[in-house]
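Each remark here refers to the structure printed beneath this line.
Now the structure itself:
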């Protein structure tokens, strides 16, 4: 057992080993005495079977120590007695001669009653008792087979059945519960991590739960799993994502010094998760890790002379390390914003009110983090050369993120200008590189945000800032830095009371470049960019100058000289400058000449770069308007815009006034929606961002963009389809009636978009060309899932598509669109039998009402064709006789026209002089539409195993059965052998008529016949659509005429409950079929 002589196992000098060995010797003597007394009454044969205990072994001694400990240390209750009985029975089972020594074992259990001194002076510790238990347990049969049992359980984790895998995982969990160190075994780790990627969500969650239960108590074991757990943060299952985030949170809380930056990156990537509960969990996790103040956190300061506590410095480094591995700092901004406002708290906590001391503590920690960031920027810069200045960038980016959320965090009460004074010298950096440009841009942003909050900035700092910003505006090669400089200079001139002098100088400088003879495209482009930004950000200050700006003159220069140039790069840059100017003067967008310019940039035939710039101008205007409104709502002072002659526009908050903003967007709304379905994916994305912000601000009626968003659900670009789906989800929650009413129009719009994308071979992928309808199905399925929970909504959606197959007297959809609709209906993700049954029900109603009239019309057209054939043959015979008579006359020559008569007559069989081709094609169009519906119906019955009896028994009045499973076979819809071409002459009607009759005849059969015929491949091969088949002569006429179509149209707006699906009466006489249909 590893006990040395130095181990103190008791309180006195009595050795437990010696004492228990002596105790067992006494009990053996007692056992022998009992045997002798029994021997006097027993036979000799019985005596030979009586075993005498061997000499006391070491194992027996250790066992007795454990029994004595349990008897002395444990509570004197039944549980204590049962535990001792358990051990004795286990040892009794392992002993070969135990049956002959039953009295000896019972004596060991009652040693306290038998012996006068049972070792009450022993004081064995609990730890030593546990060691004894483990040592003794290694000799039993279960322990010897443990490895084999564990191996079998781990192998069961790879079984095909998810039920078996889940049970095996629970068994492994029970083992780990008893000994968490098992998780450190490489075999167990490999098997459990394999279940992290299981196909069943329940198994993945159970595997994470197994690891998560022991993270806090065994963080060293948890670190082995952290990478695989972090990968599950992107799992498709919401419960799995949440469990993975909680595991990493618990691990970080129990081991704060662990390197978890990779896991943090995975967690923060879900800050904009589609599930709001996951978003709240992400924000709560980072709040608890970074912003929640632990007890005693301010006692230890950083050793480098800082006034920031060590705990804050550690959290700051964690944030910076995480940002180093992120592509941008936007998710961090979201985390800081939601943490400062405590958005992640449940509504009950918000309703009860947030403790003010909690908010004070939160703000103080954020100020300390910003102070530590400033200290680290100085430390890194002082110890770095020009080649390693990139190391400063993550600290500046984190500081910028805090400043974006709340600039007052960077204005300490003791020294408000501390951050500006400290950061200003870094603007003199002359290194021309991308990393340095990003560093300068971030520093300038912090200064720009803080300067307006300083009441009296130091004049020396202001003067140096002006000179530095001016030099960079004129000379810096990165336009992003120039943009930040112009914005900062405008804020500095306004906050420091410097006036518009410097801004006027720069405006005049760039205007001279543009109006002069300069032909350098790069200089002209930079001048256009700078002039537009100076007018955008400095307009309020320039309006106070004595030298009033002549906006019409600047606009005229742009229109006359640059927007009409052949140099496309200058044209785009001029369009950008125009957008900046219009942000400052939004009322200009109501002018006709500007309206024409913007509309021209959004037309379909211009270059995609010009479209993107036009859309970007509108987007930035809307963003600026939104920020103005946000500033007004938070109580910040606003400066009203001045108006330049003409009609004044009431602008209470400058560009942020919703009146003018809504009016402007409504002017360009149709063009924006058209560009949202553009062939170029970047143009579509730019337009969709405008739609998002317009809907958020409520500038237009949401119903106007529903069809376009439905079409964009099928966008092959994932970002566009996800954003469209998000907008549709929000709209369905707020305005379900608007959403449902435009689903049919949205389907038609999606077909137009589908045709546009497929026709554009430059953007279509190879797999999309082979199966173009495949990329549409996921988007339509997502739309259907939005409304599937409501029975009425999903039925309306299905009915709106089926109605497309019913043409009216004014127009009818193209056959290509109807084929598209059939493909869409066949791909809907039905989850209950009620859904395909309703679709069959709706198809039956259309067939019942329309088929009779259409069949009668086709028959009439076929009869007319037959009559023309008979007349044509008689005319050919008569004309041939006349030709022969002329040829036999002396000197007679046949008339040229007369000789061609037989050929003309043959062509006349398809003459349309007496036929209204529009009506003929309309009837054939209706027949083809019903053919597609009949094929869809047959497909549904086969795939979902729907019998005729079940379809006829379906009723909308019957409530759906909850939990009813649906069986689905993986059989693709096949409509390739359907003749979908409209006839060009009367003779071709026979082909449509024959196909229509065949499908109607097959519709009277049950789906079982279709299935058996498909499997056995005994069905006749479909006749080729290229051959014209002659119809069988019809001997009896049938009514119906074209009046049946009117009945169908009237039914479009009737309720589903008003129709009772009556069966068709089939009468077989000879070889033909007569169908009598119920007319509703």
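In UniProt numbering, the protein residues as written are 1 to 1080. C-beta: ideal position from N, C-alpha, C; glycine also. Keep in mind it's a predicted model, so treat the numbers as computed, not measured.
Of the residues 258, 216 and 854, which one's Cα is nearest the Cα of residue 314?
258
Kindly give me the distance between the Cβ atoms of residue 714 and residue 779, rounded to whole angstroms, as I take these residues to be in contact under 8 Å.
Indeed, because the Cβ distance is near 4 Å, the residues count as touching under 8 Å.
Own chain residues within Cβ distance below 8 Å of residue 429, not counting five before or after
389, 436, 439 and 440
Which word fits residue 394, buried or exposed, when buried means at least 16 other C-beta atoms lie within 10 angstroms of its C-beta?
buried
Closer than 8 Å by C-beta to residue 288: which residues in its own chain qualify, once you throw out the five before and the five after it? Chain order, please.
249 and 253
Quick check: the stretch 997 to 1006 against the stretch 954 to 969, are at least 3 beta-carbon pairs closer than 8 Å?
Too few Cβ pairs lie closer than 8 Å, so no.
In the structure shown, what three-state DSSP assignment does residue 75 receive?
coil
Residue 699 (DSSP reduced to helix, strand or coil)
coil
Helix, strand or coil: how does DSSP classify residue 778 here?
helix
Residue 301 (DSSP reduced to helix, strand or coil):
Under the three-state reduction of DSSP, residue 301 is assigned to strand.
Write down the C-beta distance between residue 158 and residue 204 rounded to the nearest angstrom, noting that I regard them as a contact closer than 8 Å.
With 8 Å as the limit, residue 158 and residue 204 do not qualify as a contact, their Cβ atoms being about 14 Å apart.
Got a sec? Which residues, its chain only, sit under 7 Å from residue 21 by beta carbon, not counting five neighbours each side?
56 and 61
Go through its chain and collect everything with a Cβ distance to residue 265's Cβ below 7 Å, but skip five positions before and after it.
Counting only Cβ-Cβ distances below 7 Å, and skipping sequence neighbours, we find 322, 325 and 326.
If you follow the alpha helix (DSSP H) that residue 132 is in, where does it begin and where does it stop?
According to the DSSP assignment, residue 132 belongs to the alpha helix (DSSP H) that extends over 126 to 137.
Helix, strand or coil for residue 829? Go by DSSP, reduced to three states.
The DSSP-derived three-state label of residue 829 is coil.
Taking only the alpha-carbon atoms, compute the straight-line gap between residue 216 and residue 172 and give it to the nearest angstrom.
So the alpha carbons of these two residues sit roughly 19 Å apart.
Flag this pair as touching only if the stretch 966 to 981 and the stretch 941 to 951 have three or more C-beta atom pairs under 8 Å; answer yes or no.
yes
Does the beta carbon of residue 917 sit closer than 8 Å to a beta carbon anywhere in chain C?
Given the protein chain composition of this structure (a single chain), no chain C is represented.
Does the beta-carbon of residue 91 have 16 or more other beta-carbons within 10 angstroms, so that it is buried, or is it exposed?
buried
Of the residues 455, 916, 949 and 559, the one placed nearest residue 984, counting alpha carbons only:
916
What is the C-beta distance between residue 817 and residue 929, in whole angstroms, given that I count them as a contact (C-beta under 8 Å)?
Their Cβ separation, rounded to whole angstroms, is 10 Å, which puts residue 817 and residue 929 out of contact at 8 Å.
What whole-angstrom Cβ distance do residue 200 and residue 169 have, given they're in contact under 8 Å?
That belief does not hold up - the Cβ atoms of residue 200 and residue 169 are roughly 10 Å apart, past 8 Å.
Status (buried if at least 16 other CB within 10 Å, exposed otherwise) for residue 628
buried
Residue 669 burial status per 10 Å Cβ neighbour count (16 or more: buried)
buried
Assuming residue 262 is part of the alpha helix (DSSP H), what are its boundary residues?
261 to 268
Looking only at its chain, what residues have a beta carbon closer than 7 Å to the beta carbon of residue 483, apart from the 5 residues adjacent to it on each side?
Non-local C-beta neighbours of residue 483 in its own chain, meaning closer than 7 Å and more than five positions away in sequence, comprise 533, ordered along the chain.
Looking at the ligand SAM, does it come within less than 7 Å of residue 512, judged from the CB to the closest heavy atom?
No copy of the ligand SAM appears in this structure; indeed no ligand is present at all.
Close Cβ partners of residue 643 (< 6 Å) along its chain, the five nearest in sequence each way excluded:
The pLDDT assigned to residue 643 is 34, lower than 50, so where the model puts this residue is not dependable, and the model offers no usable value.
Tell me the residue span of the alpha helix (DSSP H) that contains residue 729.
718 to 734
Kindly identify the DSSP beta-bridge partner or partners of residue 1082.
Residue coverage of the chain in this structure runs from 1 to 1080, which leaves residue 1082 outside it and unanswerable.
For residue 706, the first and last residue of its enclosing alpha helix (DSSP H)
Run containing residue 706: 706 to 712, per the alpha helix (DSSP H) assignment.
Within the continuous alpha helix (DSSP H) that includes residue 196, where are the two ends?
Element bounds for residue 196: n/a, residue is neither H nor E.
What does a CB cutoff of less than 6 Å around residue 496 pick up in its chain, not counting 5 residues either side in sequence?
457 and 462
Tell me, please, whether the stretch 811 to 827 touches the stretch 787 to 796 by the rule of three or more beta-carbon pairs shorter than 8 Å.
A contact is defined here as three or more CB-CB pairs under 8 Å, and the stretch 811 to 827 fails this definition with respect to the stretch 787 to 796.
Anyone know if the C-beta pair for residue 801 and residue 776 falls short of 8 Å?
With contacts defined by Cβ atoms closer than 8 Å, residue 801 and residue 776 do not form a contacting pair.
Within 10 angstroms of its Cβ, does residue 18 collect 16 or more other Cβ (buried), or is it exposed?
exposed
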